[in-house]
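**Student:** This is the structure I want to talk about, given as structure tokens.
Protein chains: 2
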Amino acid sequence: MEWEQLLAQAGFRVTTSRRVVMQVLQTAGVPLEPHEILERGRCLHRSLGLVTIYRTLALLTALDLVRRVHRQDGCHGYVIASPGHRHHIICRQCGQATEFPGGDDIHALIERVENETGYRVDDHLLQLAGLCPACRELR
Amino acid sequence: MEWEQLLAQAGFRVTTSRRVVMQVLQTAGVPLEPHEILERGRCLHRSLGLVTIYRTLALLTALDLVRRVHRQDGCHGYVIASPGHRHHIICRQCGQATEFPGGDDIHALIERVENETGYRVDDHLLQLAGLCPACRELR
DNA sequence: CTCACTGCAAAGAATTTGCACTGAA
DNA sequence: TTCAGTGCAAATTCTTTGCAGTGAG
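Residue numbers (the numbering used here), protein chains in the order written: chain C, 1 to 139; chain A, 1001 to 1139.
Below is the structure:
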């Protein structure tokens, strides 16, 4: 339950809505869009509103408790974040999102690009897509 | 002018609107959002409409003449694409976008992630952000 | 001459804001 | 008790669709 302490320490209140959003995301395992969070959250908290979800996601994202993931089509979903800078690989069949850590290979790549382009890189957006083990089974 | 031939070969017409959108993007060098393309395009083609820009971008993106780039905040812009699968590095100061090719390092990274996660990767979204050479000068 | 393409208006989504009420601390 | 947080309604964007007129081939 350490995220609750993190919230409190940062001066924010631990409310039912925030608990529900976190619980829904923790249970889901796949990236959810705001309206999907609403549907699932309503089961747990009748009066939950979409506006609150937007505001909650903005807060949780700012605190790095939740991460926003992109899709090529421009839609984005939200997933629970692990501590540290990580990236996601998303199954295009079932939507399952798995985090993986950045390794030396990313740094090597960034260094190469810095040399090739003359840029100084200070942020990166990396997301992979493919088939998860379970969906590969079904082929 | 080879993009015009590509359009024609694919059975699409080379119209003024499409020429204007391409020219604006080629001139810009930085990723532009639809409404920015409209503003600049109007200078060249008075009656240009936003709807046409959306439709044109969808077409050009499908033909891989233009690429969509993402920002963490969810906004996205469009830039001229070079042939082949490339990635972008975007200057957070001036917005300048530069393409760079994927090298062995990306394949190595993907292979590592496949081994670690069991996924079979078939697509990736990689975008870097930082300071371009010109903006670094000004520091 | 035809039909793909365009612009406009209007519909639909996605997201944000204003405001009075509610509940966590 | 107090003020951050909430829900609702309405305002903003952002993007897509329907349709009649226009122009590329």
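Even glycine gets a Cβ: it sits at the ideal position worked out from N, Cα and C.
Owing to the predicted nature of the structure, the values given are computational and were not obtained by experimental measurement.
Could you check the C-alpha separation between residue 80 of chain C and residue 1127 of chain A for me, to the nearest Å?
**Tutor:** 22 angstroms
**Student:** Checking 8 angstroms against the spacing of the C-beta atoms, do residue 1120 of chain A and residue 1101 of chain A come in under that value?
**Tutor:** No, the pair does not count as a contact, with Cβ atoms beyond the cut-off.
**Student:** How would you list, in chain order, the residues of chain A whose beta-carbon sits under 9 angstroms from the beta-carbon of residue 65 of chain C?
**Tutor:** Near residue 65 of chain C there are no residues of chain A at all, since even the closest Cβ is about 16 angstroms away, more than 9 angstroms.
**Student:** Any chance the stretch 1090-1108 of chain A sits against the stretch 89-99 of chain C, with 3 or more Cβ pairs inside 8 angstroms?
**Tutor:** no
**Student:** Helix, strand or coil for residue 32 of chain C? Go by DSSP, reduced to three states.
**Tutor:** In this structure, residue 32 of chain C counts as strand in the three-state DSSP scheme.
**Student:** Touching or not, the stretch 5-13 of chain C and the stretch 59-68 of chain C, by the rule of three or more beta carbon pairs under 8 angstroms?
**Tutor:** yes
**Student:** Just verifying my parser: in three-state terms, what is the DSSP assignment at residue 122 of chain C?
**Tutor:** strand
**Student:** So, is residue 83 of chain C buried or exposed, given that buried needs 16 or more other C-beta atoms within 10 angstroms?
**Tutor:** Residue 83 of chain C comes out exposed.
**Student:** Which residue from C/8, C/137, C/129 and C/7 puts its Cα closest to that of residue 71 of chain C?
**Tutor:** C/129
**Student:** For residue 1107 of chain A, which option in A/1133, A/1091 and A/1124 has the closest C-alpha, if you only look at C-alpha atoms?
**Tutor:** A/1124
**Student:** With a CB to CB cut of under 8 angstroms and the five nearest residues on each side skipped, what residues in its chain are close to residue 8 of chain C?
**Tutor:** 14
**Student:** I want to check one thing, is the minimum distance from the CB of residue 1057 of chain A to the heavy atoms of the ligand NAP below 7 angstroms?
**Tutor:** Among the ligands in the structure shown, none appear at all, so the ligand NAP cannot be discussed.
**Student:** Quick one: Cα of residue 122 of chain C to Cα of residue 1092 of chain A, how far?
**Tutor:** 9 angstroms
**Student:** Which term fits residue 1088 of chain A, buried or exposed, when burial requires 16 or more other beta carbons within 10 angstroms of its beta carbon?
**Tutor:** buried
**Student:** Of the residues that make up the stretch 1003-1033 of chain A, which ones have a beta carbon closer than 7 angstroms to any beta carbon in chain C?
**Tutor:** Cβ contacts with chain C come from no residue of the stretch 1003-1033 of chain A.
**Student:** Please go through the same chain and pick out, in chain order, the residues whose beta-carbon is closer than 6 angstroms to the beta-carbon of residue 132 of chain C, but skip the five residues on each side of it.
**Tutor:** Answer for residue 132 of chain C: 91 and 96, listed in chain order.
**Student:** Against chain C, which members of the stretch 1092-1106 of chain A pass a CB distance test of less than 7 angstroms?
**Tutor:** 1098, 1100, 1103, 1105 and 1106
**Student:** Run through the DSSP bridge pairs and tell me what residue 1128 of chain A is partnered with.
**Tutor:** C/124 and A/1089
**Student:** Please list the partners that residue 76 of chain C has in chain A, where partner means a Cβ-to-Cβ separation under 8 angstroms.
**Tutor:** 1074
**Student:** With a threshold of 6 angstroms on Cβ separation, who are the neighbours of residue 33 of chain C within its own chain once the five nearest residues in sequence on each side are excluded?
**Tutor:** 77
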